[in-house]
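Engineer:
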Amino acid sequence: MPTFQYEAMDTTGREVKDTIDANTQEEAQQLIRQKGYFVTKISERSKGGGGGKKKAAGKKGRGRKKKSFTIGKISTKQLCTFTRQLSTLQDAGLPVLRSLKILEGQCKPGVLKNSLGDVVEDIESGQTLSEAFSKHPKAFDRLYCNMIKAGEAGGALEAILQRLADFKEKAQSLKRRVKSAMVYPAVVITVAVAIVGFILYFIIPKFEAIFKDFGVDLPGMTIFLIGASHFVVQKFYVVILTPIFIWIIIKLLYRNKTGAYICDRILLMIPVMGMIVEKSTVARTMRTLGTLVQSGVPILESLTIVKETAGNAVFERAFQRIYDSIREGESIAQPLRESRIVDDIVVNMIDVGEETGDLDSMLNKIADNYDEEVETAVESLVSLLEPLMIVVLGGIIGFIVIALFLPLIQLITKLSG
3 MPTFQYEAMD TTGREVKDTI DANTQEEAQQ LIRQKGYFVT KISERSKGGG GGKKKAAGKK
63 GRGRKKKSFT IGKISTKQLC TFTRQLSTLQ DAGLPVLRSL KILEGQCKPG VLKNSLGDVV
123 EDIESGQTLS EAFSKHPKAF DRLYCNMIKA GEAGGALEAI LQRLADFKEK AQSLKRRVKS
183 AMVYPAVVIT VAVAIVGFIL YFIIPKFEAI FKDFGVDLPG MTIFLIGASH FVVQKFYVVI
243 LTPIFIWIII KLLYRNKTGA YICDRILLMI PVMGMIVEKS TVARTMRTLG TLVQSGVPIL
303 ESLTIVKETA GNAVFERAFQ RIYDSIREGE SIAQPLRESR IVDDIVVNMI DVGEETGDLD
363 SMLNKIADNY DEEVETAVES LVSLLEPLMI VVLGGIIGFI VIALFLPLIQ LITKLSG
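Under the numbering used here, the letters of the sequence shown match residues 3 to 419, in that order.
Right, dumping it as structure tokens:
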């Protein structure tokens, strides 16, 4: 039976170095965990020079493992699926290494498959799952790695993976509902802009030529419409580049902390849309904080992660103030109340959660409530946009028709007279 040499930490944080006999490295890790230790490093004791050479050769062989060329990060949906599958395999009692090898084999070539190949090699060399994941930020973010680390430290990796899978799926569900609700308005607005652009570029110049030939006096509406057509025809590149230029300006502003704060503050002030952004951000941040606290991640580390994943500079500043407040021995509720970014009911629920020691439950309840409010707000926005778009588009088309037909009426009257 092979002998494994390991380094671990006990429940008090004291470092332990010892050896253990086991058939496999996974079995050795399980035996060490049963002793109440948290494994930090483990490796098989080599039996002479030949064993060392064989091991080195094995590592070298693994280093030649081919990887596909990839760009970017993995999708949220792909990460949700992987987390749920890993949770299921762990719940079935399979060792972590075996579970990862199974999932790696099922993955299509991409960022996740490449990352899992490296993770498997790192775990085989004695690293923990959280350490191996943390080397691949494109696949596993800081929140993900910290929850895994907390699960390993508490000996509850299976429960943490289930909680993490639930968290990812709920976050993905909320994002999917918001996106799907906005597809219809986006398509209608895009098609409307294309049709109006087509009319201004191709149709209006032909009517203008007719009006010139007959020398008709043009009313103000028609002059304005022809002027808009001239601008589109002569400066079409400006029309095309303006949205791109605005997008670049916004991106540049978001690279600066002050610019990002101003943009996000303006975004939150937009009627209806600002409310949706605010409620979805509250839902996401509260669920993230609640999941981290429930998983055993220290509160200061949890707040740092929440701040980094908030996605809104206004909320980032608020969580920074909360972080500073807790470092000075105060509570979460007071700086959150002073920030004025959430309703009083949220502050009161967090206050009660802190007093009763049930903060994680309160945070998850807040997130559930806000998820429902976001869904209701999105449905209300879509319901509001539908008649609003009909009125606006009808007004634009009506203006164009009237502006074109007024000179035609004058022309017909002139010819008949």
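We put the CB at the ideal spot given by N, CA and C, even for glycine.
For Val18, which residues does DSSP report across the bridge?
Structural biologist: What you label residue 18 is simply residue 16 of the sequence shown in a count that begins at 1. DSSP lists Ala10 as partners of Val18.
Engineer: Helix, strand or coil: how does DSSP classify Glu303 here?
Structural biologist: The count along the sequence shown starts at 1 and reaches residue 303 at position 301. Reduced to three states, the DSSP call for Glu303 is helix.
Engineer: Pick from Lys19, Pro337, Glu303 and Gly331: whose alpha carbon is nearest that of Arg319?
Structural biologist: Locating residue 319 in the sequence shown gives position 317, counting from the first residue. Nearest C-alpha to Arg319: Pro337.
Engineer: Taking the alpha carbon of Ala188 as the reference point, which residue from Gly400, Ser418 and Leu387 has its own alpha carbon closest?
Structural biologist: Numbered from its first residue, the sequence shown carries residue 188 at position 186. The residue with the shortest Cα to Cα distance from Ala188 is Leu387.
Engineer: According to DSSP, simplified to helix, strand and coil, what is Arg66?
Structural biologist: Start at 1 with the first residue of the sequence shown, and residue 66 comes out as number 64. Residue placement at Arg66 cannot be trusted, given a pLDDT of 44 that sits under 50; the coordinates are not used to answer.
Engineer: Going along the chain, which residues of its own chain have a beta-carbon closer than 7 Å to the beta-carbon of Leu220, five neighbours each way excluded?
Structural biologist: By one-based count along the sequence shown, residue 220 stands at place 218. Closer than 7 Å at the Cβ level, and outside the excluded window around Leu220, lie Phe213 and Pro409.
Engineer: Per DSSP, which one or two residues make a beta bridge with Asp46?
Structural biologist: Reading the sequence shown from its first residue, position 44 is the one you call residue 46. Here residue 46 turns out to be Glu, not Asp, going by the sequence shown. Paired residue(s): Phe6.
Engineer: Just tell me which of Leu145, Val98, Val316 and Ser132 has its CA closest to the CA of Val344.
Structural biologist: As a first step, residue 344 must be located in the sequence shown, where it is residue number 342. Out of Leu145, Val98, Val316 and Ser132, Val316 has the C-alpha closest to the C-alpha of Val344.
Engineer: Apart from the five residues on each side of it in sequence, which residues of its chain come closer than 7 Å, Cβ to Cβ, to Ala405?
Structural biologist: For the purposes of this step, residue 405 is taken as the residue at position 403 of the sequence shown. Taken in chain order, the residues that qualify are Met223, Thr224 and Leu227.
Engineer: Give the single residue among Ser45, Leu118, Glu29 and Pro97 whose Cα lies nearest to the Cα of Gly107.
Structural biologist: The residue labelled residue 107 in the question sits at position 105 within the sequence shown. Checking every option, the nearest Cα to that of Gly107 belongs to Leu118.
Engineer: Phe219 by DSSP, collapsed to three states: which one?
Structural biologist: By one-based count along the sequence shown, residue 219 stands at place 217. The amino acid occupying residue 219 in the given sequence is Asp; Phe does not appear at that position. The answer is coil: DSSP assigns Asp219 none of H, G, I, E or B.
Engineer: On the premise that Lys281 lies in contact with Ala379, defined as a C-beta separation below 8 Å, what is that separation, rounded to the nearest angstrom?
Structural biologist: Locating residue 379 in the sequence shown gives position 377, counting from the first residue. Locating residue 281 in the sequence shown gives position 279, counting from the first residue. With a Cβ gap of about 6 Å, Ala379 and Lys281 count as contacting.
Engineer: On the DSSP bridge list, what partners appear for Asp23?
Structural biologist: By 1-based counting over the sequence shown, the position of residue 23 is 21. According to DSSP, which records beta bridges pairwise, Asp23 is partnered with Thr5.
Engineer: Can you tell me whether DSSP reads Cys82 as helix, strand or coil?
Structural biologist: Reading the sequence shown from its first residue, position 80 is the one you call residue 82. Looking at Cys82 - three-state DSSP - the assignment turns out to be helix.
Engineer: Using three-state DSSP, classify Arg257 as helix, strand or coil.
Structural biologist: For the purposes of this step, residue 257 is taken as residue 255 along the sequence shown, with counting starting at 1. Three-state result, Arg257: coil.
Engineer: If I follow the unbroken alpha helix (DSSP H) through Thr358, where does it start and stop?
Structural biologist: Numbered from 1 along the sequence shown, position 356 holds the residue referred to as residue 358. Residues Asp346 to Thr358.
Engineer: Distance check for Asn366 and Gly292, CA to CA, integer angstroms please.
Structural biologist: One-based indexing of the sequence shown puts residue 292 at position 290. One-based indexing of the sequence shown puts residue 366 at position 364. Between Gly292 and Asn366, the C-alpha separation is close to 6 Å.
Engineer: Check the C-beta distance from Ser89 over to Leu145 and give it rounded, since I have them as a contact under 8 Å.
Structural biologist: Counting from 1 along the sequence shown, the entry for residue 89 is found at position 87. Counting from 1 along the sequence shown, the entry for residue 145 is found at position 143. Ser89 to Leu145, Cβ: 16 Å. No contact.
Engineer: According to DSSP, is Tyr146 helix, strand or coil?
Structural biologist: By 1-based counting over the sequence shown, the position of residue 146 is 144. The answer is helix: DSSP assigns Tyr146 an H, G or I state.
Engineer: Excluding five sequence neighbours on each side, which residues of the same chain lie with their C-beta closer than 8 Å to the C-beta of Leu105?
Structural biologist: Translated into the one-based positions of the sequence shown, residue 105 becomes position 103. Contacts found: Phe84, Gln87, Leu88, Leu91 and Leu118.
Engineer: Considering Cα atoms alone, identify which of Ser182, Lys170, Ile76 and Tyr186 is closest to His138.
Structural biologist: If you number the sequence shown from 1, residue 138 lands on position 136. Checked all of Ser182, Lys170, Ile76 and Tyr186; the closest Cα to His138 is Ile76.
Engineer: Beta-carbon within less than 8 Å of Arg47's beta-carbon, same chain only, minus the 5 sequence neighbours each way: which residues are those?
Structural biologist: In the sequence shown, residue 47 corresponds to position 45, counting from 1. Hits under 8 Å: Pro4, Thr5, Phe6, Gln7 and Thr21.
Engineer: Leaving out five residues on either side along the sequence, give the residues of the same chain with a beta carbon under 8 Å from the beta carbon of Leu96.
Structural biologist: Within the sequence shown, the letter at position 94 stands for residue 96. Only Ile104 meet the Cβ criterion.
Engineer: On the CB-based measure, 16 or more other CB atoms within 10 Å of its CB, does Phe204 come out buried or exposed?
Structural biologist: For the purposes of this step, residue 204 is taken as residue 202 along the sequence shown, with counting starting at 1. Exposed.
Engineer: Near Val234, which residues of its chain fall below 8 Å by C-beta distance, leaving aside the five closest residues on each side in sequence?
Structural biologist: Numbered from 1 along the sequence shown, position 232 holds the residue referred to as residue 234. These residues qualify, in order along the chain: Gly199, Leu202, Tyr203 and Val241.
Engineer: If you draw a straight line from the alpha carbon of Thr260 to that of Leu305, how long is it in whole angstroms?
Structural biologist: Stepping through the sequence shown from its first residue, residue 260 is reached at position 258. Stepping through the sequence shown from its first residue, residue 305 is reached at position 303. C-alpha separation (whole angstroms): 21 Å.
Engineer: Are the segment 296-305 and the segment 265-272 touching by the rule of at least three beta carbon pairs closer than 8 Å?
Structural biologist: Flag = no, the segment 296-305 and the segment 265-272 do not touch.
Engineer: Could you tell me the alpha carbon to alpha carbon distance between Gly63 and Glu123, rounded to whole angstroms?
Structural biologist: Along the sequence shown, one-based indexing puts residue 63 at 61. Along the sequence shown, one-based indexing puts residue 123 at 121. Its pLDDT being 42, under 50, Gly63 is placed unreliably in this model, and the value from its coordinates should be taken loosely. Their Cα atoms are separated by approximately 11 Å.
Engineer: Do you know how far the Cα of Ala10 is from the Cα of Glu17?
Structural biologist: Taking the first residue of the sequence shown as position 1, residue 17 is located at position 15. Taking the first residue of the sequence shown as position 1, residue 10 is located at position 8. Roughly 6 Å separates the two Cα atoms.
Engineer: Counting C-beta neighbours from all protein chains within 10 Å, is the total for Ile368 16 or more, i.e. buried, or is it exposed?
Structural biologist: Position 366 of the sequence shown, counted from the start, is the residue given in the question as residue 368. Burial call: buried.
Engineer: Take the Cβ of Ala94 as the centre, count every other Cβ of all protein chains shown within 10 Å, and call the residue buried at 16 or more, exposed below.
Structural biologist: On the sequence shown, position 92 is the one that residue 94 refers to. Exposed is the call here.
Engineer: Considering only residues of the same chain and omitting the five flanking positions on each side of Arg179, which have a CB-CB separation below 7 Å?
Structural biologist: Taking the first residue of the sequence shown as position 1, residue 179 is located at position 177. Glu377 and Val380, listed in sequence order.
Engineer: When the Cα of Glu278 is compared with those of Leu383, Thr130, Leu254 and Lys208, which residue comes out closest?
Structural biologist: On the sequence shown, residue 278 is found 276 positions in, with the first residue counted as 1. Residue identity check: residue 278 is Ile in the sequence provided, not Glu. It is Leu383 whose Cα lies nearest to the Cα of Ile278.
Engineer: Can you tell me whether Gly421 is buried or exposed, with buried defined as 16 or more other CB within 10 angstroms of its CB?
Structural biologist: Within the shown structure, residues of the chain are numbered from 3 to 419, placing residue 421 beyond reach of any answer.
Engineer: Let me know if Ile44 comes out buried or exposed under the rule of 16 or more other beta-carbons within 10 Å of its beta-carbon.
Structural biologist: The sequence position of residue 44 within the sequence shown is 42, counting from 1. Per the 10 Å Cβ criterion, buried.
Engineer: By Cβ distance below 7 Å, which residues in the same chain neighbour Leu33 in space, the five residues on each side in sequence not counted?
Structural biologist: Here residue 33 refers to the residue found at position 31 when the sequence shown is read from its first residue. Contacts found: Ile22 and Ala24.
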